[in-house]
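> For the sequence shown, the working numbering gives the first residue as 8, with consecutive numbering after it. Just so you know, even glycine gets a beta-carbon here, dropped at the ideal spot from N, CA and C.
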Amino acid sequence: MALKLPRLTPKEEKFFDLLEASAKNLLEGALALKDLVDDYSNVEEKVKKIKEIEHHGDSLIH
8 MALKLPRLTP KEEKFFDLLE ASAKNLLEGA LALKDLVDDY SNVEEKVKKI KEIEHHGDSL
68 IH
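(1) Just checking, does the segment 25-35 make contact with the segment 50-64 on the three C-beta pairs under 8 Å criterion?
(2) Contact defined as beta carbons within less than 8 Å: I believe residue 60 pairs with residue 39. What is the distance between those atoms, to the nearest angstrom?
(3) Rounded to the nearest angstrom, what separates residue 10 and residue 47 at their Cα positions?
So, in structure tokens, the structure goes:
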């Protein structure tokens, strides 16, 4: 009897576009956080940018 394996790739190509956009957004957020930690000046501006990146990420997955 053959074992049926679950499908590992999504049916829609759109998934990969969203995954790539989410990964780019994650990198942008990580770099913004690193900038804040490395140089704790202009904190309000940097926190605002991080929040904008977070909201953009939310819009990608919701």
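This is what the structure gives:
(1) yes
(2) 6 Å
(3) 56 Å
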